[in-house]
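Presented below is the structure to which this report refers.
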Amino acid sequence: MIFKKGDKVKFLNDVGGGIVTKADNKTVYVQNEDGFEIPASPSQLLKEETQDESTPFTTTVKQQSSDIAAAPARSDRNQAPDYIDLSDTEEELSIDTTVNLLLGWVINRKKNGKVFYDVYLINDCGYHIMYMAAMVTEGTYRGIQAGMLENDTTIHLTEISAEDLKNIVGIHLECLFFKKGAFMPQEPMRYELRIDEFYLSDPVNYIENEYFNEKALIYNVSEEYLMAEIEDIARKASFEFEKQKKRQDGPKAKFSAQKKNEKSEEVDLHIEQLIDYPKELSPGEMLDIQMGRFNIALEGAIRNRQKRIVFIHGVGNGRLRLEIRRTLDQKYPKLRYQDASFKEYGYGATLVFL
Numbered sequence: 003m004i005f006k007k008g009d010k011v012k013f014l015n016d017v018g019g020g021i022v023t024k025a026d027n028k029t030v031y032v033q034n035e036d037g038f039e040i041p042a043s044p045s046q047l048l049k050e051e052t053q054d055e056s057t058p059f060t061t062t063v064k065q066q067s068s069d070i071a072a073a074p075a076r077s078d079r080n081q082a083p084d085y086i087d088l089s090d091t092e093e094e095l096s097i098d099t100t101v102n103l104l105l106g107w108v109i110n111r112k113k114n115g116k117v118f119y120d121v122y123l124i125n126d127c128g129y130h131i132m133y134m135a136a137m138v139t140e141g142t143y144r145g146i147q148a149g150m151l152e153n154d155t156t157i158h159l160t161e162i163s164a165e166d167l168k169n170i171v172g173i174h175l176e177c178l179f180f181k182k183g184a185f186m187p188q189e190p191m192r193y194e195l196r197i198d199e200f201y202l203s204d205p206v207n208y209i210e211n212e213y214f215n216e217k218a219l220i221y222n223v224s225e226e227y228l229m230a231e232i233e234d235i236a237r238k239a240s241f242e243f244e245k246q247k248k249r250q251d252g253p254k255a256k257f258s259a260q261k262k263n264e265k266s267e268e269v270d271l272h273i274e275q276l277i278d279y280p281k282e283l284s285p286g287e288m289l290d291i292q293m294g295r296f297n298i299a300l301e302g303a304i305r306n307r308q309k310r311i312v313f314i315h316g317v318g319n320g321r322l323r324l325e326i327r328r329t330l331d332q333k334y335p336k337l338r339y340q341d342a343s344f345k346e347y348g349y350g351a352t353l354v355f356l
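Shown next, in the form of structure tokens:
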């Protein structure tokens, strides 16, 4: 049987088929629905229908989030390029742009009574992920694992003992996202998840989930990375706004800043003061919002040359207070802090001297 460019064919010895991109007496090149060009013998193919040789091979891309510009798709370097035609509906490829990467923690109690934590990396999206994971201790990084994680799969990253957990600051992740065939490129992810020993050791935070048969603590790395990016953008915008305001106000702004420094600024970190519907959030999400507000307020106070600032965190389970003081010790070792006035705040506030 003679084949020519544009013919629609099926494989006799395999599932599927495609469109002929070029052919000679010995070899026929077939482009399948994933965009790959497969060489085949004419005897291995069955023609479905005949198309006009002048008709270009077209593929329609159905997008969910944004328009995709037409791009050249070469079947041979020495051949004139064909083009993706967005107006043709002959073949549709659905493009999912959702990225969802998670870390799962499962408590593993050994027979000798020691407690270990199994850490898993969960790819809950349609992208394949090339990843690198490292353990972060004080000032050093120790590689855990690197490799490729296919879509909708889970791998075991490492096992951490409760004793070793005291020396670990966080887990460092670097990821690239890709798909076979048509897909929307995603920005590479580089994120460091801070580890809270107190939070990890509390069984209350381990819940039923769709990824494990046992209860687990699930961190949504994608969401936390996005929140960090948003906070960084907000912080930079706030900084630029303050700079511009100082240039416009001149000496007047300097005087008002000096007057403001005479008193301690108060920042209330109670979650109900920061968002409208706190009950819809998990404890981890609440803490992220509170710490985001803390970081922005502290950086602003330092830029404005304030003398001191009070963070009202309440008593609760002590997790927010612990996270604030750990951040001060690690990122701002030159700053001095103490419990704020018991008469005014009880045990629920921290005073930072700038």
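Residue numbers for the sequence shown follow this note's numbering, so the first one is 3 and each next one is one higher.
For every residue, glycine included, the Cβ atom is placed at its ideal position computed from N, Cα and C.
Going by DSSP in three states, residue i sits in which element: helix, strand or coil?
i, result
"Thr329", "helix"
"Gln33", "strand"
"Gly316", "coil"
"Phe13", "strand"
"Ile277", "coil"
"Pro58", "No answer about Pro58 holds up, because its pLDDT of 36 lies below 50 and its placement is not dependable."
"Glu216", "coil"
"Ile235", "helix"
"Leu47", "strand"
"Leu202", "helix"
"Pro285", "helix"
"Tyr227", "helix"
Residue i to residue j, Cα distance in whole Å?
i, j, result
"Leu356", "Ile304", "7 Å"
"Asp270", "Phe313", "6 Å"
"His158", "Leu283", "27 Å"
"Ile298", "Gly149", "36 Å"
"Thr23", "Val30", "8 Å"
"Phe214", "Leu151", "17 Å"
"Phe5", "Asn153", "37 Å"
"Tyr122", "Ala218", "10 Å"
"Gly145", "Ala136", "4 Å"
"Ala164", "Arg111", "10 Å"
"Thr99", "Ile277", "28 Å"
"Leu195", "Glu176", "11 Å"
"Val171", "Ile197", "6 Å"
"Asn125", "Val206", "25 Å"
"Gly18", "Gln188", "29 Å"
"Val317", "Leu178", "41 Å"
"Lys333", "Val101", "30 Å"
"Pro44", "Asn27", "8 Å"
"Tyr193", "Ile311", "29 Å"
"Ala259", "Leu105", "At Ala259 the pLDDT is 43, less than 50, meaning the model places this residue with poor confidence and gives no usable figure here."
"Asp120", "His130", "23 Å"
"Tyr227", "Val11", "46 Å"
"Leu2", "Phe180", "In the structure displayed, the chain extends from 3 to 356; residue 2 sits before or after that span and is not available."
"Lys309", "Leu353", "11 Å"
"Ser1", "Phe200", "Any question about residue 1 goes unanswered here, given that the chain covers just 3 to 356."
"Gln66", "Phe185", "Low local confidence applies: a pLDDT of 35 at Gln66 is under 50, so the model's placement there is unreliable, and no value is given."
"Leu330", "Thr139", "17 Å"
"Gln292", "Gln275", "10 Å"
"Ser77", "Gly37", "Interpretation of Ser77 is limited by its pLDDT of 37, a score under 50 that renders its predicted location unreliable; no figure is taken from the coordinates."
"Arg328", "Asn34", "55 Å"
"Ile162", "Asn169", "11 Å"
"Lys182", "Phe118", "37 Å"
"Lys345", "Thr160", "47 Å"
"Tyr221", "Met191", "15 Å"
"Pro280", "Pro335", "32 Å"
"Ala351", "Asn306", "21 Å"
"Met132", "Gly294", "29 Å"
"Gln147", "Tyr349", "43 Å"
"Leu386", "Ile209", "Nothing can be reported for residue 386: it is not among the residues displayed for the chain, which extend from 3 to 356."
Using DSSP's beta-bridge definition, name the partner residues of residue i.
i, result
"Gln340", "Leu353"
"Glu268", "Val312"
"Ala303", "In DSSP, Ala303 forms no bridge with anything."
"Asn110", "Phe118"
"Asp209", "In the sequence as presented, Asp is not what sits at residue 209; that position holds Ile. DSSP lists Ala218 as partners of Ile209."
"Arg196", "Gly172"
"Val22", "Val32"
"Ile298", "Per DSSP, none; premise fails for Ile298."
"Leu105", "Leu123, Tyr221"
"Ile40", "Val32"
Cα-Cα, which of the options is closest to residue i?
i, options, result
"Leu14", "Ala25, Gly8, Val32", "Val32"
"Ser203", "Leu300, Ala351, Val108", "Val108"
"Gly286", "Ser43, Val223, Arg328, Asp341", "Val223"
"Asp16", "Val101, Lys7, Glu242, Ile40", "Ile40"
"Tyr347", "Tyr133, Glu50, Pro44, His315", "His315"
"Glu212", "Met229, Gln246, Glu199, Thr156", "Thr156"
"Gly50", "Lys281, Tyr221, Ile21, Glu35", "Strictly speaking, residue 50 in this sequence is Glu, with Gly absent from that position. Closest by alpha carbon: Ile21."
"Leu300", "Glu267, Phe118, Glu225, Lys168", "Glu267"
"Thr142", "Asn114, Tyr201, Ile173", "Ile173"
"Glu242", "Met229, Gly302, Glu225, Lys281", "Gly302"
"Phe296", "Ile326, Arg307, Tyr208", "Ile326"
"Glu225", "Met288, Ile273, Glu210, Glu216", "Met288"
"Leu167", "Glu216, Ile209, Lys116", "Lys116"
Within the present structure, is the beta-carbon of residue i separated from the nearest heavy atom of the ligand COA by less than 7 Å?
i, result
"Gly294", "Judged by which ligands are present, the structure shown has none, so any question about the ligand COA falls away."
4-residue-minimum alpha helix (DSSP H) runs that sit fully inside the region 112 to 190, ordered along the chain: 164 to 167
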